[in-house]
Amino acid sequence: YRKLAKERTVRNFVIPANKGNVYSADGSLLATSIPNYNIRFDAMAPKSEDFNANVGGLADSLSVMFGKPSSYYDAGLRRARGTKNRFYLIARNLSYTEYVRIKTFPLFSKGAFKGGIITEQFTIREHPIGMIAKRTIGYDIVRPDGKHYAKGIEGAYKKYLDGKDGRVLKQKIAKGQWKPIRDVNEVDPQDGYDIISTIDVYIQDIAHHALLKQLQEYDADHGCVVVMETKTGYIKAIANLGRDKKEDSTYYERVNYAVSESHEPGSTYKLADLMALFEDKKADTSDIYDSRGGDFTIRGKHVRDSHEGGYGKISLGRGFEVSSNTVLVQAVYEAYKKDPMQFVNHLKRFGLDKKLGLPFEGEGAPFIPEEGGRNWSAIAMPWMAFGYGVSITPLQTLTYYNAVANNGEMLKPQFVSEIREWNRTIKKFDKKVINPKICSDETTKKLQACLANVVKNGTAKKLYSKNFPMAGKTGTAAANYNRGDGTTKHYVSSFVGYFPADNPKYSCIVVVHEPNTSRNNYYGADVAGPVFKRIAQKIYTDAPSMNSIRNIDGKNSIQEKNFNDYYTETQNAKPGIVPNVKGMSGMDAVALLGNMGAKVKVIGTGKVKKQSIEAGKTLNRDEIIILELSS
C-alpha cells in the first residue's frame with residue numbers, strides 16, 4: 218500500500234527538449250523555439266518568519282514588473298498563505314529575461330523549497346521572418362490524437378530538430394497540481410540539432426515580393442517562384458503564394474505549388490524537343506520549316522500558333538525563339554512519327570518522368586504517356602511536343618533547365634546544406650548528381666544558344682538587357698481547353714531560365730496560374746517574364762557585397778560578409794567571453810555568437826535590444842544566450 222500510495226503521489230514528468238533552430242544560408246533565423254514560463258507560488262513552502270519578512274518586498278517587486286498596485290499582490294500572496302494554496306498563479310507567459318528577473322525577487326530568490334517559487338517551462342515555435350517561405354520552412358503540429366502533422370524543412374528534418382526529452386520527478390500537492398521534488402532534473406533534456414538551410418533571405422525577399430506584385434497586378438489565382446544555385450542545386454529562394462478565398466485581394470503561402478503542383482507546362486517543354494532532335498541528329502537549328510499560316514493539321518486536329526497567320530518559312534532555331542507550335546510540332550512529328558516511343562524514351566532519359574526524391578511529402582508526379590497506354594492516341598506524341606498531354610511540377614522543370622545551364626549535369630534540388638550541434642557540423646549535404654550528362658556537349662551548347670536567343674530576339678525580348686545577359690523560355694498553356702461549355706479559359710503563364718547567360722550562377726522559374734484574361738494579356742513573356750527579370754536584376758544590381766556592422770569595441774567597420782571567419786577575426790571578439798551584441802541585427806548577432814560556440818535563442822525581430830548574459834561574462838557551453846529584438 219505504501220508503494221501504491223507513493224506511485225500515486227510521486228511521478229516522472231516529461232521535460233520537452235528545445236527544438237533546434239532553422240537558419241538561412243546567410244545566418245538569418247528562420248525558425249526557433251522560444252522558452253516561456255509560468256510562475257506559481259507554493260504558499261506553504263516558506264517558513265513563517267521568511268514569509269512575513271519578505272512578502273511586502275515581493276509584492277513591491279511584482280508591482281514594478283507587472284504594473285498592478287503592490288497591495289493587490291500583497292493581498293493575493295497572503296490569501297494564498299491563509300488558504301494553504303500550493304499552486305498560486307503569479308504570472309503567465311514570461312520571457313526568459315523576465316523569468317531570470319523574477320527569480321531574484323524577495324522570497325523567490327530562496328528557491329523552490331525555501332521560497333516557494335514554482336516554474337513551469339514550455340516552448341513556442343516562432344518564425345522571425347513571418348509568412349515569407351513559411352511552406353518551405355514548415356511547421357510541426359500535434360493533432361488532438363497525438364499524431365504529428367509535419368510539413369517543409371521542419372517536418373522533413375524532424376528527427377534532427379526534436380532532440381531528446383528529459384524527465385523531472387514531481388510530487389502531487391493537490392488535485393491536478395504537481396510540484397518538482399528536487400531543484401535538479403532526473404534526466405536533462407537534450408536540445409535538437411540546428412538546420413542550416415540553403416535559403417538566402419535577401420533573394421527570398423526579392424522573389425516573394427516580385428511574385429506578389431505580379432499576382433496582384435494580373436489578379437491571378439496563385440503562383441510560385443524558385444531560384445536555384447546552378448552549380449550546387451541549392452534552393453536559394455522559393456515563394457508559393459495563393460489567393461485567400463475569404464479575401465480576394467490577399468495572397469499568402471497556402472500550398473507548396475512549386476513542389477506539389479504537376480500541370481501541363483506548355484511551351485517550356487519545347488526544350489526537350491530540341492534536345493531529342495539534336496541528340497539523334499534528326500534536325501538542326503538551321504533546318505527550314507513552313508509554319509503553314511499558323512495552322513498545322515494532324516489527324517484532323519489543329520495545332521495553331523499564337524501569332525495569327527504564322528511566321529512563314531523559318532528555321533527551327535527561329536521557330537524556338539518565337540515559340541512556334543507549328544514548327545516545333547512538325548519537326549518532332551516528322552522525325553518520330555514512325556517510332557513515337559523513340560521520342561518518349563528520350564524524355565525519360567532526360568529525367569522528365571521521375572520524381573526528384575525530395576525530403577518533403579507531397580511531391581507531384583510527372584507524367585508522360587506511353588504507346589499502348591490509356592492516355593495514348595495518334596496525336597499524343599505531337600501534342601507532347603508543345604507541352605500538352607504531359608505534366609510536370611515547376612521544380613522538376615527548373616531542375617531540367619538547370620542541367621542545361623550547368624553544361625549537362627543534372628543536380629538534385631536541395632533545401633538544407635548542414636546539420637549542426639552548436640558550432641560542430643553533424644552532417645553536410647554537398648551537391649547530389651542525378652545525371653552527370655543528360656546530353657552531349659554539342660547539344661548543350663546549341664541549347665544554350667537557343668535559350669539566349671529567346672531573350673535577345675524572341676518571345677522574351679522584353680527581358681533583354683545588353684549589360685546583363687539572360688537566357689530562358691516562355692510558356693503559356695491553356696488549363697481548361699477540354700471544356701466546351703463556354704467557360705472562361707484559364708491559362709498558366711511561365712518563364713524558366715538562368716542568368717547570367719554566359720556564366721550561369723542562378724536558374725529560376727516563375728509560374729502564374731489563371732491571370733485575369735479580361736486584360737487580354739496572359740502570355741508567359743508578359744506575366745511571368747517580368748518577375749524573372751526583376752529577380753535577376755535585383756540580385757545583381759542591388760545585392761549588398763559589403764555589410765556594415767557595428768564593431769564590438771564601438772567603432773564602425775565595413776567588412777565582407779563571410780560568417781565562417783569574419784566575426785571572430787575582424788570584430789575583435791575574445792574567445793570564451795560574451796561580446797556586446799546590443800544594436801546589432803538579429804542575423805548578425807546570431808552569426809557572431811554561433812561562431813563563438815554559443816547557443817542562441819531569439820525573441821522578436823529587428824535589432825538586439827537586450828541580451829540575457831551581459832558582455833564581458835565568461836561564455837559557458839551549457840548556458841543559452843537569449844536575445845530580445847525590436848525594430
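Each residue of the sequence shown is one higher than the one before, starting from 218 at the first, in my numbering. We treat Cβ as the ideally placed atom computed from N, Cα and C, and that holds for glycine. None of these values were measured; they are calculated from a predicted model.
- Of the residues assessed, T226 falls on the exposed side of the cut-off, its CB having fewer than 16 other CB atoms within 10 angstroms.
- In terms of Cα proximity to S503, the closest of E538, Y289, A260, A489 is E538.
- Counting C-beta pairs with one atom in each stretch, the region 404-419 and the region 237-247 have three or more that are closer than 8 angstroms, which means they touch.
- Fully contained in the region 647-712 are the following beta strand (DSSP E) runs of length 3 or more, in chain order: 650-652, 688-695.
- By the Cβ-count criterion, K679 is exposed, with fewer than 16 other Cβ atoms from all chains shown falling within 10 Å of its own Cβ.
- Fewer than three beta-carbon pairs drawn from the region 628-645 and the region 458-467 are found closer than 8 angstroms, and the two stretches are therefore not classed as touching.
- Between the C-alpha atoms of M445 and A620 there is a straight-line separation of about 11 angstroms.
- Assigned with DSSP and collapsed to three states, V819 falls in strand.
- Taking C-beta atoms as the reference points, L573 and E580 count as a pair closer than 9 angstroms.
- For I335, the closest alpha carbon among the candidates A832, I307, D382 is that of I307.
- Between G483 and A695, the CB-CB gap stays under 9 angstroms.
- D362 sits exposed, since fewer than 16 C-beta atoms from the chains shown fall within 10 Å of its C-beta.
- A427 is not a Cβ neighbour of H730, given a cutoff of 9 angstroms.
- Residue pairing from DSSP places F339 in a beta bridge opposite N253.
- Three or more Cβ pairs closer than 8 angstroms define a contact, and the region 257-270 falls short of that threshold against the region 338-357.
- When secondary structure is reduced to three states using DSSP, N457 falls in the strand class.
- When V549, A548, D507, L545 are compared, the shortest CA-CA separation from G529 is found for D507.
- The three-state reading of DSSP puts K518 in strand, counting E and B together.
- Within the same chain, P482, T485, V713, I726 come within 7 angstroms of T614 by CB-CB distance, once the 5 residues on both sides are set aside.
- The DSSP assignment places complete alpha helix (DSSP H) segments of no fewer than 4 residues inside the region 585-614 at 597-601, in order along the chain.
- Rounded to the nearest angstrom, the gap between the Cα atoms of T353 and G369 is 5 angstroms.
- Cβ-Cβ separation between A373 and F577: approximately 5 angstroms, consistent with a contact (criterion under 8 angstroms).
- Counting the other Cβ atoms within 10 Å of the Cβ of A602 gives 16 or more, which makes it buried.
- By the 16-neighbour rule on beta-carbons within 10 angstroms, S278 is buried.
- Around the beta carbon of A815, 16 or more other beta carbons sit within 10 angstroms, so the residue counts as buried.
- Residue environment for T514: exposed (fewer than 16 other C-beta atoms within 10 angstroms of its C-beta).
- Within the same chain, and ignoring the five residues on either side of Y757 in sequence, the residues whose Cβ sits closer than 7 angstroms to its Cβ are F685.
- In this chain, P557 is not harboured by any beta strand (DSSP E); it is covered by the alpha helix (DSSP H) spanning 557-566.
- In the DSSP assignment, the residues bridged to L844 are V819, Q828.
- In this structure, H344 and L247 form a Cβ contact; the two beta carbons are roughly 7 angstroms apart against a cut-off of 8 angstroms.
- With at least 16 other beta carbons inside 10 angstroms of its own, E626 counts as buried.
- Closest in alpha carbon position to K750, among G803, L809, S710, G689, is G689.
- Taking a cut-off of 8 angstroms for Cβ pairs, the region 253-261 and the region 296-313 touch, as three or more such pairs fall below it.
- The residues E481, P586, N592, A597, W600, in chain order, have a CB closer than 8 angstroms to that of G606 in the same chain once the five nearest residues on each side in sequence are set aside.
- For a cut-off of 8 angstroms, the C-beta gap from L533 to D501 is around 7 angstroms, short enough to register as a contact.
- With respect to Y553, K499 sits close: the two C-beta atoms are nearer than 9 angstroms.
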